[in-house]
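Report on the structure given below.
4 protein chains.
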Amino acid sequence: MNTFGTLFRLTCFGESHGEALGGVIDGCPAGVLMDEAFVQAQLDRRRPGQSALTTARNEADKVQFLSGIFEGKTTGTPIGFVIYNTNQHSSDYANVKDAFRPSHADFTYTTKYGFRDYRGGGRSSARETACRVVAGAVAQLMLKQVGLDITIQAQIAEVGGSTQIEETILAAKAAGDTVGGIIACTITGVPAGWGEPVFDKLHAKLGAAMLSINAAKGFDYGMGFDGVSKRGSQVNDIFTTNQQGQVVTQTNFSGGIQGGISNGMPIYFRVAFKPVATLLQPQQTVNAQGESITLQVKGRHDACVLPRAVPIVESMAAMVLADAYLLQRNSKL
Amino acid sequence: MNTFGTLFRLTCFGESHGEALGGVIDGCPAGVLMDEAFVQAQLDRRRPGQSALTTARNEADKVQFLSGIFEGKTTGTPIGFVIYNTNQHSSDYANVKDAFRPSHADFTYTTKYGFRDYRGGGRSSARETACRVVAGAVAQLMLKQVGLDITIQAQIAEVGGSTQIEETILAAKAAGDTVGGIIACTITGVPAGWGEPVFDKLHAKLGAAMLSINAAKGFDYGMGFDGVSKRGSQVNDIFTTNQQGQVVTQTNFSGGIQGGISNGMPIYFRVAFKPVATLLQPQQTVNAQGESITLQVKGRHDACVLPRAVPIVESMAAMVLADAYLLQRNSKL
Amino acid sequence: MNTFGTLFRLTCFGESHGEALGGVIDGCPAGVLMDEAFVQAQLDRRRPGQSALTTARNEADKVQFLSGIFEGKTTGTPIGFVIYNTNQHSSDYANVKDAFRPSHADFTYTTKYGFRDYRGGGRSSARETACRVVAGAVAQLMLKQVGLDITIQAQIAEVGGSTQIEETILAAKAAGDTVGGIIACTITGVPAGWGEPVFDKLHAKLGAAMLSINAAKGFDYGMGFDGVSKRGSQVNDIFTTNQQGQVVTQTNFSGGIQGGISNGMPIYFRVAFKPVATLLQPQQTVNAQGESITLQVKGRHDACVLPRAVPIVESMAAMVLADAYLLQRNSKL
Amino acid sequence: MNTFGTLFRLTCFGESHGEALGGVIDGCPAGVLMDEAFVQAQLDRRRPGQSALTTARNEADKVQFLSGIFEGKTTGTPIGFVIYNTNQHSSDYANVKDAFRPSHADFTYTTKYGFRDYRGGGRSSARETACRVVAGAVAQLMLKQVGLDITIQAQIAEVGGSTQIEETILAAKAAGDTVGGIIACTITGVPAGWGEPVFDKLHAKLGAAMLSINAAKGFDYGMGFDGVSKRGSQVNDIFTTNQQGQVVTQTNFSGGIQGGISNGMPIYFRVAFKPVATLLQPQQTVNAQGESITLQVKGRHDACVLPRAVPIVESMAAMVLADAYLLQRNSKL
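Protein chains in written order, with the numbering used here: chain D, 1 to 333; chain W, 1001 to 1333; chain R, 2001 to 2333; chain B, 3001 to 3333.
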């Protein structure tokens, strides 16, 4: 259940305030030059404390590789890694021990498992996404080194219904409140032929990947939800040949994927994120005994997940593509 | 790649104009009373020729169960089934043999596999969804017989940007054109505790399931894309206890899922579908030789997928739930 | 649970006396020329009624392919197939309906599932192996057509502790009794580098495949059980180079696999089969009510499984190899 | 490829002389009291330096749990763990850097991956089995705490064709040589109904598990290879009822498994191990350049794997059983 991917696979573990997070990247071919500085740089993009927009928590997020790399290259055997938790303030969470925080996973985890690690959200904390960034960075290295010139570029499209990103987040933060928003991602350089028919369509894999990120509420690709009011004659992508004689489409309402398989055009999609559930305002809720309580959360929290979610979106996309690349090697004899 | 689910699994096969479609339902517990009439009735909801809104093709879509059922009950062993293709007009497709139809999978399949079964779209035809309906119906029977009172209700929310469903589809059809739309689905009766943390969140599974349906372009759940312009204080779901002493939420912006796990409130989501790619108008495209051609498709085609997609959405949801039900049996000791 | 393989996969279904057996072969690359006569010929090797050594039941075992093949070649999409049951005498089994036949699966199936399809052993009948032979034949076609000159040759090494195969089986049959034996299999032409370290060692996959065949009780490869009394200095395989400059071993106690990965030398292994459990003699047992009964089985039964198991052993080996071939394509960048 | 199990799963990583070994145990239900002292005690049984029979290497093998445990109990989320390598002498292996050691995995790994981590055998070292012991210990804790009274007892049956275990090993060691042998394992207390028909038969799972252990060459269960010379009338297990009214068998040639499913009787099996490939004698071989060389290995090595393999056999059996237990919970409605 904590494994992502079919051939290029991440199996991960770790709670927000446990000893460490970490994972195993399995299925990465031998011979990838491991640029650890690149991996760490990707992790640094995700960690908090980077700007006024994100929480002041200073999580070092230093990744240590434990296996699968020899003389600077992947060996084809599993790549184990850990990120030790070093700056956790578990006492911040003593007051939420018995509370079911609104729109958090406290109630559902307790119901499912009988009890929960309440420190910092435990496994439901977005802190687990650090492991996704590590694996996504390795996926990017692999894709680059097989000679593919793939770019994966995510950015915040809007927050709080506004394209004034910074102002909107700071205003919410000042009010002890939070905001949601949309991240848009564009991928170029994927050759035609990646993705599988039926259940494992490339966009279904991308969608599952994005929807598995904390606070994600929606996903669409190509014309997406905007296309539902269109007629086919407006949005069919006409095929033509370009100057190199390659088959391309004149428009790209399809978003680079047709019948679940890449067609060589840019892939683009959007991910909707809800406002962070942790508010610095008093909120009504109940505790584990069903008693009504008023919750006043303190501590260091993001007012908006989107700034830190950008590298996570890119990382999940990279893992989906790495997996699709390996799978399509076996499409033909 | 043609398998859906972890414990309750459908593995399916079949092309639009091949000998038959079919599949294997594996992992269904023993003892489910097999109501074959119910399964056939679900299939009948999907098949064309039901109303003025859908294609006049008369596909009998008669399911035959071949194994896994004895004395009217599932035996715990795999349930094999076939649906023979009986009314195919392959000659309708002779003129598209070499053409890459706009916004179809002709080009991507040919690139991926080196050649393709061009008759009626082959494996990329929505005809494969018949198998999903069979498995979804079995999933519904299983859920009902374990004593859960779960309802899964999908309906067309809008087509062509309008809630005038019938008029909009008929207008598009009259113009030899097609329209997209949105199907909304609500699920009630799911107990708290279903779904898995991290990658296999319940909504990520639902999203992957829906996005794998032909012509789907987007998925959101709960407040979804509408929530991106909200502040946390507006959309946090406050916990309270109801008259039975159960923990419930006052609002349901979460859509019945928190941290990837059901919370006992109704689950609701939307699926965006693009307009059907097959138009009864001339279109420019290229053929397999890269030559520019004008395509004039004839035959019997839907002007809008949504009327027939309603039972498919319900079926995919049922399979996701059946799988989540079996998985959560092992959450606790 | 009824799926075999990681990339080259068979998912199968069917009971001995149900409507049909069948399966889905998924993951076979596009472009394999489908020699249906070869597949049928392999099936014919398995079916009963071939000689005095096997049961007189005349099972036609005619395979019908339903999908995944177009213009004589695999398309890369799943290959569905069925084998209808045409000559079943279910009434032969009326007297075993409530009986737990000794060393059969009647008791364990009933305990596990609450009831069972008692006709001819249902899913536990060796009749399901027909599907394995179909998939194994497709695997052999694939391996041949990628230009590998692999031979897979199984044969009966001994029955009843004797190399007098025919005499021993006929003597047991005349006594209304049955005998076990050993099938030995040799595979040549597998290049070095197939198989995975740790859990998915090539011999562990072969072992699981062989042990899953009905009546199998043991598996060893290379020097196997005979090697346990040897010293390392007697059985280490010394590396040398042959006239073509290739690294080979002077001896082959390893059985062509070292560290779980093929080394280019011939692979050989043995499979131990127990005597058939169905005797034509009266036997004591209990029925579902726990009452002591005397069982007198009638009907048409093999006195020894080995003659018919030879093509099954070869088929399972072919599936393991096809899977290993596809997996090792991704070992290196 | 480095994942074992369907529901109770170990994904592991690590090389003999890398930074650390470790793994992720996923699918363990919440609520298991984590007896870390028991886990460490099991690990201690496997580590070298325990007696005159095993290598003098002193590997501390201290397991550290990093996640999935809170307030002494499993939380239902993945259990990450590491075992740091602390006493490695990589310089011992400088002289084998380019050599293909006879009957080792040096040649096959180099062929498969293009290069290899030559220090101490890298991933092919039996050192990886430490992770199996950790997961096996957790599996045993889980089985015990669901109220099942299961015992798993492995022991050395013979080495070098002799039941004089200690003398035979010491004699081989004195000669700079090594010996193989057989480990026998008996499991009591498994209820009837565990295991799956067809491919995932309980003994096929046990066989794959045992054959995946380093140096394993064979597996049989019940009467195993000894049964091949018997007639059915000699070895059929007659059903009867015991004093508690339970259905039992008078004999147990089946080894507690019928049709791939446990029948409640003791399960027993044997595993054949070859002599250790590392000899302290000069051996001929070739190097990576194909040149003939004489290899003289030094360092600290076992003369026989069996003493240390006993807890590994038990651990793999425990994992198979834990998985079978979770799977069979869903056999019936």
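Note that CB positions come from ideal geometry on N, CA and C, so glycine has one too. In this text the structure is predicted, and so the values were computed from the model without any measurement.
Write down the C-beta distance between residue i and residue j rounded to the nearest angstrom, noting that I regard them as a contact closer than 8 Å.
i, j, result
"PHE3013/B", "PRO102/D", "In fact, because the Cβ distance is near 39 Å, the residues do not count as touching under 8 Å."
"LEU1143/W", "ALA1322/W", "6 Å"
"VAL3198/B", "SER2212/R", "7 Å"
"GLY1080/W", "ALA2020/R", "7 Å"
"LEU327/D", "LEU7/D", "6 Å"
"ALA1208/W", "ALA204/D", "5 Å"
What's the call for residue i, buried or exposed, on a 16-neighbour Cβ count within 10 Å?
i, result
"GLY3147/B", "exposed"
"ARG3300/B", "exposed"
"PRO3307/B", "buried"
"LYS2097/R", "exposed"
"LYS2112/R", "buried"
"ALA2137/R", "buried"
"GLU3015/B", "buried"
"ASN3214/B", "buried"
"GLY1290/W", "exposed"
"ASN87/D", "exposed"
Taking 8 Å as the cut-off, decide whether the C-beta atoms of residue i and residue j are in contact.
i, j, result
"SER2262/R", "ALA30/D", "no"
"ILE3187/B", "ALA3157/B", "no"
"TYR3268/B", "ALA3184/B", "yes"
"VAL2286/R", "THR3241/B", "yes"
"SER2124/R", "ALA2105/R", "yes"
"ALA277/D", "GLY1232/W", "yes"
"GLU1166/W", "LEU1053/W", "yes"
"HIS2017/R", "ASN2095/R", "no"
"LEU2170/R", "ALA2324/R", "no"
"GLY3218/B", "ASP2220/R", "yes"
"LEU1333/W", "VAL3032/B", "yes"
"ASN2002/R", "ASP1026/W", "yes"
"PHE2239/R", "LEU2141/R", "no"
Can you tell me where the alpha helix (DSSP H) holding residue i begins and where it ends?
i, result
"CYS2131/R", "2129-2145"
"LYS3205/B", "3202-3211"
"TYR2118/R", "Looking at the DSSP string, TYR2118/R is not in any alpha helix (DSSP H), and its letter there is neither H nor E."
Output the distance between the C-alpha atoms of residue i and residue j, rounded to the nearest integer angstrom.
i, j, result
"ARG1116/W", "VAL2024/R", "19 Å"
"PHE2225/R", "ILE1150/W", "55 Å"
"VAL3134/B", "VAL1305/W", "53 Å"
"ASP3200/B", "TYR1093/W", "44 Å"
"ASP1177/W", "GLY1122/W", "23 Å"
"VAL1228/W", "ALA272/D", "6 Å"
"MET3035/B", "ALA288/D", "Here residue 3035/B turns out to be Asp, not Met, going by the sequence shown. Cα to Cα, ASP3035/B sits roughly 27 Å from ALA288/D."
"ASP61/D", "GLU314/D", "18 Å"
So residue i is in the beta strand (DSSP E); what residue range does that whole segment cover?
i, result
"ILE2156/R", "2151-2159"
"SER1292/W", "1292-1295"
"ARG2046/R", "Counting along the chain, ARG2046/R falls outside any beta strand (DSSP E), though it belongs to the alpha helix (DSSP H) covering 2036-2046."
"VAL2286/R", "2283-2286"
"ASP1026/W", "1020-1026"
"ALA272/D", "267-273"
"LEU1010/W", "1009-1013"
"TYR2221/R", "2216-2221"
"VAL82/D", "79-84"
"PHE3065/B", "3063-3065"
Using a Cβ-Cβ cut-off of less than 7 Å, list which residues of the stretch 3092-3114 of chain B approach chain E; keep chain order. Looking for chain E here will not work: the only protein chains present are D, W, R and B.
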